[in-house]
Structure formats: structure tokens, C-alpha cells
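Protein chains in written order, with the numbering used here: chain E, 537 to 756; chain W, 896 to 1163.
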């Protein structure tokens, strides 16, 4: 369960505090429910995801995570550019206390990411698709209760998208998903519930279709 | 029941998490520091050695053979290494947060972890460098056995602590106001000249000597040299306790800043 209570967020800018991105967001994501986030660009979807993932801190309000939540997959963070893919993977294994399982985890990551020789090259030489592959493989290597996906599939090629979809399907029953995607098909395929972020507020819908309707109605 | 047991095994307390993060960060930093560019590990040692080679030639080769009662080359090596230990630690730890920003994507990694681990790595590297240099000097026929090894270690350690203190304060300060880093860079250069790296503090007349002794690094360097040879006449008033009290107060302030602004540092 993830309970988000009265969440406010604004970013620091060069000229003092910026505008409010999130203004009093409240919702509770029950166990084992896949949730899709919709909203226009700049509505605060990625911001909300990184706060839920614990990467960023809210200006006010709390996030209560009663489960293991992954880091947000899909944005650039989490990979150190000067280290190779392998070294990054080892680092992540170590901070998660899986020192002994490093060989198996590395094998899994390497097999799933399918980036070939590039696994031994510094991450800063990767294309965005390759980064996404590595990040996705890394987070799947650990058992999280909730996976956070910030458009992870959007930069990948067809093969990767298929693989990611299959991975999401395999997660059903074991873990749940919180995802942002601009593809309605993807959202309909994987999510049951939906959240529409609009003008700093979050509107919860038990059915993703209703969320998409509300969003589309507002767009048109 | 099985499930619960499993969960308990998976659960790690804060200390275990921190320790595994430290280990991971130390290895990551060591990799970056030693192998990031071609022959990076070589330059780590070559840079201070070359620095001392040039100064050593000017001092010992041309000017004089003893300073303050001890071998000029040894005197110089201790001063330069002691100062480098401080400066490298301060610089490295001061920039730790900025270089590891990508890794804060993992909740386990805190800014303070990166700062502390960079400090530890720098200590390990500098110990290696000092040993290599002293070994080289002994091959050249200089006497490199310290008279009071514990005092030498204590003084070097104090300089390292001072570097960590500066790094902690600067790393936290830079997050609050980016200008702090520029100011530190500005101060580091003259600090080299007023710390008594290249001239004995004892040679400065009063009342100016007391001004030089405000600088805790000067105390550290004098103590290192005094520990090396009991014949060395250090500047009167130089003592290890002053260095340690400044260093430990600095570390306390640094930790306080990190605690107070922990949230600010990871928020964007």
C-alpha cells in the first residue's frame, strides 16, 4: 500500500522557489493494483513518480510506503556515467545487500538488457534506448512489491517493447506497477486504476478507462 | 509463517544498509579514481612525486642540506605530503555530492555517505603515496625512519581529519550556495604558502609567527616533522592539540550542516 497525503511540491529555481507543481495531492494505492498516471506535459507526473520512488522529497506532505518500491525506471538517473554497465549493476547489487548474489544478478541483467559488448563500456556512451534497457533489467533483477515506470518503453525499439510488455505481464500477481505513458494502449493493457493529474490535483479513478475519458474530455 | 521468516531475513537495519552503501561507494570511487582515464593511477603517485622532485632539486640540490636540524629532502617531503593529504581530501570530499548525483536515485545512498567514503579513499591513496615516496628516499640513502612514529601518524591523521572537516562543510555549503566552492578554491592556493610547506615557521620573526600559527595546517606539518626527528626545532607554540580541536569542531559543524540540510540536498 502506498498512501500519499497532502503532497505539495515546487522546485527550487535560480530565482527562488518555482510554481507549485503539485498542490495537495491525496490518494491511496491499494496492494496489487496497477495504476496509470495521465496528464498533459508538465502536469507533474514524473515529479509525482520520483517522490513516490523516494528520489525527490516533497515540499510538504508525506508518502507512506508499506512495501518495497523500486526506483523510477525510465528517467536518466540511477546510472553513473563514468562507470560501465557491469560496474553500475554491481554497485546496485551492493547497496541492496545482494553482494553474494552478484554473479547471478549480473547474468540476469546482461541477458535481459541485451546490450551486448556495451555492457563493458561506460554508461555515458550509451544511447537512451540502451540506458532504458539497462535500467529496466536492473530493477527487474530485484524483487520489489511495486515497480515504477516512467515511460520506460517509449525509447526502446520494438523488440525491447515486446520484452518489457512480457515482463510487466509476468509481474502480475507478484508485484504491481505504477506507470506513466502517453500511449493509451499501454495504459489500457496493464493498468486497472488511473490517476489524472490536473492543475496540481490528482483525481483517482477505479477504472483506467474513466481516467482516460476524463483526460480526453478535458483535452478536447 | 514461511513468508514472514523470509521477510525478516530480507529486512536490513539502518546500520547494515549504511555499511553496504559505504562498501559499494568506496569501490565505485576507487574505480573512478584509479581507472577513469588512461594511467589515472600512475598520475596519482607521479603528481606529488614530480612536485617534490622539483622543489627538492631547488632546495636540497642548490640551497641547503639541512633545515631546522633535519635532512632537507625529508623535511620537504613531509611538508608537501602532509599538505597534499589535507588539500586532496578537502577537494575530493568537497566535490563528492556533485559527482555522485546520479546515485541519489537510490534511496539508500545519502549525500553524507559519498563525502565520507571519498575521504576514506583519499586517506588510503595518500598512505600508499607516502610509503612509495619514503621508500624511494630510503633507496637514495636518506634516513626515513621516524623517531616517534606514533606522533607522525597522529599528525598525518589530524591533517586528514581537517581535510574531511573542510570537505564536509564545503560539500554542504555548496548545496546551499554554489559560490562556496569558488571561495574554497581561492583560499587553497595561498594556504599552500602560509602553511610552512616550503619554509620553516620557526624562521619567521615574532609577532608574525603567531599569525602563521593561527593556521592549523602549520601545526600539523610542524608536528609531523618533529615526530620524524627529535632534533628538529619546530616553531615554539606548535602543537597537535590545536590541530585536533579545530578539525574535530569542523567535523562536528560539517555533520550538523549535513543533518540540518539533508532534505535540501536531495531535493531538486
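Idealized CB from N, CA, C, for every residue including glycine.
| Query | Result |
| --- | --- |
| Whole alpha helix (DSSP H) elements within the region 634–668 of chain E, 4-residue minimum | 638–649 |
| Spatial distance of residue 903/W from residue 1072/W (CA atoms) | Because residue 903/W sits at a pLDDT of 49, beneath the cut-off of 50, its placement in the model cannot be relied upon, and the following sentence gives the value as read from the coordinates. Spanning the two alpha carbons is a distance of roughly 43 Å. |
| Assigned secondary structure, residue 556/E (DSSP; H/G/I helix, E/B strand, else coil) | strand |
| Secondary structure of residue 685/E, DSSP reduced to three states | strand |
| Cβ pair residue 1160/W, residue 943/W closer than 7 Å | no |
| Per-residue burial, residue 1013/W [other beta carbons within 10 Å of its own, 16 or more giving buried] | buried |
| Assumed close pair residue 1130/W, residue 1097/W - CB separation to whole angstroms, cut-off 8 Å | 4 Å |
| Straight-line gap, residue 1125/W to residue 633/E (C-alpha atoms, nearest Å) | 49 Å |
| Whole-angstrom distance between residue 566/E and residue 933/W, CA atom to CA atom | 52 Å |
| Distance between beta carbons of residue 1038/W and residue 1105/W, contact taken as under 8 Å | Between residue 1038/W and residue 1105/W the Cβ distance is about 32 Å, and since that is not below 8 Å, they are no contact. |
| Where residue 1077/W falls, given that 16 or more other Cβ within 10 Å makes a residue buried | exposed |
| Whole runs of the beta strand (DSSP E) within the region 722–752 of chain E, excluding any shorter than 3 residues | 729–734, 737–741 |
| Whether residue 684/E touches residue 731/E by CB criterion (7 Å) | no |
| Minimum Cβ-Cβ distance from residue 998/W to chain E less than 7 Å | yes |
| Supposed close pair residue 671/E, residue 615/E - CB separation, criterion 8 Å | 7 Å |
| Selection of the region 995–1019 of chain W by Cβ proximity to chain E, strictly under 9 Å | 995, 996, 997, 998, 999, 1000, 1001, 1002, 1003, 1004 |
| Expected contact under 8 Å - CB spacing of residue 554/E and residue 542/E to nearest Å | Going by Cβ atoms, the distance from residue 554/E to residue 542/E rounds to 19 Å, so no, they are not a contact pair. |
| Cβ separation of residue 987/W and residue 912/W, assumed to be a contact under 8 Å, to the nearest whole Å | About 24 Å; that fails the 8 Å criterion. |
| Residue 915/W, DSSP secondary structure in three states | helix |
| Residue closest to residue 734/E, alpha-carbon to alpha-carbon, out of 743/E, 549/E, 754/E | 754/E |
| Residue 545/E, DSSP secondary structure in three states | strand |
| Extent of the continuous alpha helix (DSSP H) run through residue 1098/W | It is not in any alpha helix (DSSP H) - residue 1098/W carries neither H nor E in the DSSP assignment. |
| Three-state secondary structure assigned by DSSP to residue 678/E | coil |
| Chain-ordered chain W contacts of residue 607/E [CB-CB under 7 Å] | 1000, 1001 |
| Pair within 7 Å by beta-carbon distance, residue 1132/W and residue 1108/W | yes |
| Cβ of residue 726/E within 7 Å of any chain W Cβ | no |
| Sequence-distant residues of its chain with Cβ nearer than 6 Å to residue 745/E (five each side left out) | none |
| Any chain W beta carbon closer than 7 Å to residue 672/E | no |
| Three-state class that DSSP yields for residue 1146/W in the structure shown | helix |
| Whole-angstrom distance between residue 1075/W and residue 901/W, CA atom to CA atom | Confidence in residue 901/W is poor, its pLDDT being 48 and thus under 50, which makes the residue's placement too unreliable to answer from. |
| Unbroken stretches of the alpha helix (DSSP H), 4 residues or longer, contained in the region 1005–1086 of chain W | 1006–1034, 1044–1071 |
| For residue 573/E, the first and last residue of its enclosing alpha helix (DSSP H) | Element bounds for residue 573/E: not the alpha helix (DSSP H) but the beta strand (DSSP E), 571–574. |
| Beta-carbon proximity check, residue 980/W vs residue 1119/W, cutoff 7 Å | no |
| Span separating the alpha-carbon of residue 688/E from that of residue 590/E | 18 Å |
| Neighbour list for residue 1158/W in chain E, Cβ cutoff strictly below 7 Å | 593 |
| Extent of the continuous alpha helix (DSSP H) run through residue 591/E | It is not in any alpha helix (DSSP H) - residue 591/E carries neither H nor E in the DSSP assignment. |
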